[in-house]
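Structure first, commentary second.
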Amino acid sequence: VSSDKQVLLSKTNFIATFGYVVPIAENQSLRFALSGGIGLNKLDLTAEELNTNDPTILNASGNNYYVDGNFGVVYTNSGLRLGFALTDLFESNSFNGESFNEFELSNLKNRIYSVSYKFELGAFGDFSIEPYFLYRQSKDGLQDAWEAASLLYYKDKFWTGGSYHQHNGLALFLGINLKETIKFSYSYDFPPFSSGFTSNSSHEIHLGLRLGKKK
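Its first residue numbered 4, the sequence shown is counted upward by one per residue in my numbering.
Spelled out as C-alpha cells, the structure:
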C-alpha cells in the first residue's frame, strides 16, 4: 500500500507482488517479479475551487480508480546485479472523467535499467559497500534521468548511504534488519537544487515483514 500527494493530486495504490527466483548456476540466478492491483486518483480541491463551471475540473474532482502493475527481472552473479523493469504495464489518465479508467495496456516505454556490485571489504570483514547506477526512461522523454548511489552495510543488518539524482539532487538512507524478520528503512530527500516551482524535502519510510524461513 502506498500513498503519494503532489500539489493537488493524491494517488493511493494497493499492489500485490509475486516473485520467483530461478537458480541457473552456482552463485547465479534470475529473479522475476510481477505486480498488479488497483490505484485511486483524487484531486484535492477546496469548496471555492469546486465552485466552477469548468467541466474538466468538475470531472477530475471525483475519485478515479485505475488498474496498476509493473514487471521486473534481475540477473545476479555473486555481488553483481543487473536489473530491468517496466514500471507501468497499464495506461492511466489521472484526470479521467469516468469513475474507472479504461483497461488498456501501455506502450511499455516507462523503464528502469540498473546495475550494482557489492564489494566485501577484506580489511573490515563485517563491512561491505554497494555502489549502484540507475537510469529511468519515460515515454515522453521529459522525465529521463540517471541516479547514482552507494550503500555501506554492517553484517547485512545495518546499512546507510546516499544517492544523487540528476534532477532531484541528494538523498540519504538508513536501514536495519531485525532477526531476519522485520526490515525497516528510512530515506530523506533534500529539496532539488533548481526547480521551476517551490519544492520541499521529503521523507520515505519502508517497513517489511518476512513470513516463513529464508531459503
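Each residue gets a CB set at the ideal place from its N, CA and C atoms; glycine is no exception. Since this is a predicted model, take the numbers as computed values, not measurements.
State the Cα-Cα distance for the pair residue i and residue j, rounded to the nearest angstrom.
{"i": "Val-118", "j": "Ala-148", "result": "15 Å"}
{"i": "Gly-40", "j": "Ser-109", "result": "15 Å"}
{"i": "His-170", "j": "Asp-71", "result": "25 Å"}
{"i": "Lys-216", "j": "Asp-47", "result": "43 Å"}
{"i": "Asp-7", "j": "Ala-126", "result": "42 Å"}
{"i": "Gly-42", "j": "Val-24", "result": "27 Å"}
{"i": "Glu-29", "j": "Leu-83", "result": "13 Å"}
{"i": "Gly-86", "j": "Phe-74", "result": "11 Å"}
{"i": "Ser-5", "j": "Ser-38", "result": "13 Å"}
{"i": "Gln-9", "j": "Thr-15", "result": "12 Å"}
{"i": "Gly-165", "j": "Gln-31", "result": "27 Å"}
{"i": "Tyr-156", "j": "Tyr-135", "result": "14 Å"}
{"i": "Leu-11", "j": "Ile-208", "result": "22 Å"}
{"i": "Asp-129", "j": "Pro-195", "result": "35 Å"}
{"i": "Pro-26", "j": "Leu-214", "result": "21 Å"}
{"i": "His-206", "j": "Lys-121", "result": "26 Å"}
{"i": "Lys-158", "j": "Ser-131", "result": "8 Å"}
{"i": "Leu-210", "j": "Gln-140", "result": "27 Å"}
Are residue i and residue j closer than 7 Å when you measure CB to CB?
{"i": "Tyr-219", "j": "Ala-151", "result": "Missing from the structure shown is residue 219; the chain here goes from 4 to 218 and no further."}
{"i": "Lys-112", "j": "Lys-142", "result": "yes"}
{"i": "Phe-21", "j": "Val-76", "result": "no"}
{"i": "Ala-174", "j": "Ser-153", "result": "no"}
{"i": "Phe-187", "j": "Ser-204", "result": "no"}
{"i": "Leu-92", "j": "Arg-114", "result": "no"}
{"i": "Glu-94", "j": "Glu-107", "result": "yes"}
{"i": "Leu-177", "j": "Thr-163", "result": "yes"}
{"i": "Leu-1", "j": "Tyr-78", "result": "A question about residue 1 goes unanswered here, because the residues of the chain that appear run from 4 up to 218."}
{"i": "Asn-44", "j": "Asn-80", "result": "no"}
Run through DSSP, which three-state label would residue i get?
{"i": "Pro-194", "result": "coil"}
{"i": "Ser-119", "result": "strand"}
{"i": "Leu-89", "result": "strand"}
{"i": "Asp-47", "result": "coil"}
{"i": "Asp-147", "result": "coil"}
{"i": "Asn-73", "result": "strand"}
{"i": "Ser-6", "result": "strand"}
{"i": "His-206", "result": "strand"}
{"i": "Leu-11", "result": "coil"}
{"i": "Glu-133", "result": "strand"}
{"i": "Gly-164", "result": "strand"}
{"i": "Ser-81", "result": "coil"}
{"i": "Asn-171", "result": "coil"}
List the DSSP bridge partners of residue i.
{"i": "Thr-20", "result": "Ser-38"}
{"i": "Ile-185", "result": "Leu-181, Leu-212"}
{"i": "Glu-107", "result": "Its beta-bridge partners do not exist; DSSP assigns none."}
{"i": "Ala-28", "result": "Gln-31"}
{"i": "Gly-125", "result": "Paired residue(s): none; Gly-125 is not in a bridge."}
{"i": "Asp-159", "result": "DSSP, once it has assigned bridges, lists no residue as partnering Asp-159."}
{"i": "Gln-140", "result": "Arg-114"}
My assumption, with CB atoms under 8 Å, is that residue i sits in contact with residue j. Please give the rounded CB distance.
{"i": "Lys-160", "j": "Ile-185", "result": "With 8 Å as the limit, Lys-160 and Ile-185 do not qualify as a contact, their Cβ atoms being about 11 Å apart."}
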